[in-house]
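Residue numbers are given in full-length UniProt numbering: position 363 of the sequence shown equals residue 365, and the series is strictly consecutive.
Just so it is clear, CB atoms sit at the ideal spot from N, CA and C, and this is done for glycine as well.
Read through the structure below, which is laid out as structure tokens, and then see the notes.
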Amino acid sequence: ASIFAAVEMAPRDPILGLNEAYNADTRSNKVNLGVGVYYNDNGKIPLLAAVKAAEEARLKNAPPRGYQPIEGLGAYNTAVQNLLFGAGNALAEAGRLVTAEALGGTGALKIGADFLKRLSPEATVYISDPSWENHRALFESAGFKVENYPYYDATTRGVNFAGMKAALLSYAPGSVIVLHACCHNPTGADLSDAQWAEVVEACRERGLVPFLDMAYQGFAEGIEADAVAVRAFAASGLQFFISSSFSKSFSLYGERVGALTIITSGKEESGRVLSQLKRVIRTNYSNPPIHGGAIVAAVLSDAGLRAQWEDELAGMRDRIRAMRTGLVEKLKARNVAQDFSFVVGQRGMFSYTGLTAAQVEKLKDEYGIYAVSTGRICLAALNNQNIDYVADAIAKVV
Ligand code: PMP
């Protein structure tokens, strides 16, 4: 018998499964709102001009393809820290930052999870209810028990902050709390600055281990404004983790560009933490790929390219906002009784629309419009060519 005879078929990834169904759909007016990718107004994944310029400059030199250090490129890691905490930040000065380049935000979460598992094998990991669909699987596959903390309140379409805070204050010291630093995926509902301050205090009071997932810096209000949670934790003196992803903000999805940053209590501790993190990396994939990180480092360290990138990032942010406003206005113009104005206030690429699973099913069957069964849609998949069609369809199914 085959050694694989007992291998069971794994369940399909819900979102990638949606993509497969979309690709197989032959309708020419089909729309995929299920993705987690930013498309431009022509429905294409953009190649940012700043990225293109940095890439051309790099390839002109035909750089050799040697191994990177285990923790990746130093200039890249410093650039990551500066985006998170601002240039010349006190944490770097104090030697409290350990950053390793990682394979996207997912890779950063994974090496963080593996490191944490060695550090506190018995800890429970708490993720928001709901959360990015890979959080649970990722921490479970690192060996952790994963539970939800209350987060989304469907009636207010905001955060159940009282529930969230009470839950945090009830967890065992050493529990790991995964927090979306901005642009909560999938709900688009973020905490206020004042609420972040309370979360920091709750983590301090209970001795929790915060793990901030920063996958959308610059997609809500801007680089600095979107770092408010990170900065609040930075000012607290606590130790914590951050996973960064540049998949969206640099439109470099397939290059796998991310980083894990661990905030320690001091320089000597940082040396020990880095040495262990390097062991985790070495036994997973040895060292990260060169190209994507080199491009991001080049853009962020050149004043002209950085300004160009910030403009392009603002362009993506503004276009998503325009699609939010546009969709709400178009639904209103179609006399939809249900009030969708909350969509304008949600942040990032996604909206929890409140569409039911049955309505989502109908959108797919009757209109070739694909969304996640939870009612999550990606606003960045709307454009001036498809928005009227989508508004027509939603008006008909609600
Ligand atoms: N965290 C969140 C909240 C995400 O939405 C995503 C991806 N969409 C990731 C992490 C993973 O990012 P990457 O694609 O860079 O691995």
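Taking the straight line between their C-alpha atoms, what separation do you get for residue i and residue j?
i, j, result
"Leu20", "Asn337", "30 Å"
"Asn136", "Glu270", "34 Å"
"Arg321", "Thr158", "26 Å"
"residue 401", "Glu203", "Outside the shown range of the chain, which is 3 to 400, sits residue 401, and nothing can be said about it."
"Ala96", "Leu35", "45 Å"
"Ser343", "Gly74", "44 Å"
"Met325", "Asp390", "11 Å"
"Pro66", "Ala59", "14 Å"
"residue 2", "Glu10", "The structure shown has nothing for residue 2, since the chain only spans 3 to 400."
"Ser133", "Thr28", "32 Å"
"Ala77", "Ile47", "27 Å"
"Pro290", "Cys184", "26 Å"
"Ala359", "Val399", "11 Å"
"Lys364", "Ala174", "44 Å"
"Phe18", "Ala305", "In the sequence on display, residue 18 carries Leu and not Phe. Approximately 38 Å between the Cα atoms of the pair."
"Leu384", "Ala393", "10 Å"
"Ala236", "Gly273", "19 Å"
"Ala164", "Ala299", "40 Å"
"Gln340", "Leu140", "37 Å"
Measuring from the CB of residue i, is there a heavy atom of ligand 1 at a distance below 7 Å?
i, result
"Ser130", "no"
"Tyr255", "yes"
"His182", "yes"
"Asn187", "yes"
"Asp215", "yes"
"Trp311", "no"
"Gly38", "yes"
"Trp198", "no"
"Ser353", "no"
"Gly220", "no"
"Thr263", "no"
"Thr358", "no"
"Thr108", "yes"
"Ser143", "no"
"Gly260", "yes"
"Ser249", "yes"
Which residue wins for smallest C-alpha separation from residue i, given the options the options?
i, options, result
"Glu142", "Ile283, Gly88, Ser30, Lys112", "Lys112"
"Ile379", "Ala56, Val33, Ala8", "Val33"
"Arg323", "Thr80, Gly256, Asp43", "Asp43"
"Val362", "Ile297, Gly377, Ala299, Val180", "Gly377"
"Gly209", "Ser245, Cys184, Ile179", "Ile179"
"Thr327", "Asn386, Val211, Asp367, Glu368", "Asn386"
"Gly224", "Tyr78, Ser251, Leu118", "Ser251"
"Arg284", "Glu58, Pro16, Pro71, Ala7", "Pro71"
"Leu121", "Ser130, Gly145, Ala110", "Gly145"
"Ser303", "Ala110, Ser30, Thr80, Ala3", "Thr80"
"Val148", "Pro123, Gly317, Tyr369", "Pro123"
"Ser288", "Gly68, Asn31, Ser4, Ala3", "Gly68"
"Gly347", "Leu381, Ala7, Arg274", "Leu381"
"Ser177", "Thr126, Gly165, Glu57", "Thr126"
"Arg349", "Leu276, Gly160, Phe6, Glu57", "Gly160"
"Glu226", "Lys119, Asn388, Asn84, Ala397", "Asn84"
"Lys366", "Ala8, Tyr24, Ala164", "Tyr24"
Are residue i and residue j closer than 8 Å when you measure CB to CB?
i, j, result
"Val232", "Phe87", "yes"
"Gln241", "Thr263", "no"
"Val282", "Asp116", "yes"
"Gln278", "Ala52", "no"
"Arg319", "Gly220", "yes"
"Ala222", "Asp192", "yes"
"Ala92", "Ala261", "no"
"Thr108", "Val82", "no"
"Ala395", "Ile371", "yes"
"Asn162", "Tyr128", "no"
"Gly106", "Arg258", "yes"
"Tyr41", "Met351", "no"
"Ala55", "Leu307", "yes"
"Leu214", "Phe243", "yes"
"Pro13", "Val374", "no"
"His182", "Ser238", "no"
"Leu170", "Val201", "yes"
"Asn187", "Ala217", "yes"
"residue 411", "Leu49", "Here the chain comprises residues numbered 3 to 400, so residue 411 is not present and cannot be evaluated."
"Ile297", "Glu22", "no"
"Ala397", "Leu357", "no"
"Tyr154", "Tyr354", "yes"
Query raised in the report: Enumerated in chain order, which unbroken segments of the alpha helix (DSSP H) with a length of 4 residues or greater are wholly contained in the region 291 to 341?
Result: Runs of alpha helix (DSSP H) with 4 or more residues, each lying fully within the region 291 to 341, are found at 293 to 303, 305 to 335, listed in chain order.
**Report entry** Minimum length 4: unbroken alpha helix (DSSP H) runs contained in the region 43 to 122
**Finding:** 51 to 62, 76 to 87, 92 to 95, 106 to 121
Requested in this report: Within the region 159 to 187, note down every full alpha helix (DSSP H) run reaching 4 residues or more, in order along the chain.
Outcome: 163 to 170
Query raised in the report: In chain order, which continuous runs of the alpha helix (DSSP H) of length 4 or greater are located wholly inside the region 206 to 263?
Result: 230 to 238
Query raised in the report: Residue ranges of each alpha helix (DSSP H) run of no fewer than 4 residues wholly in the region 3 to 43, ordered along the chain?
Result: 16 to 26
Report task. Please specify which runs of the beta strand (DSSP E), each continuous and at least 3 residues long, are wholly inside the region 121 to 159, giving them in chain order. Result -> 126 to 131, 147 to 152
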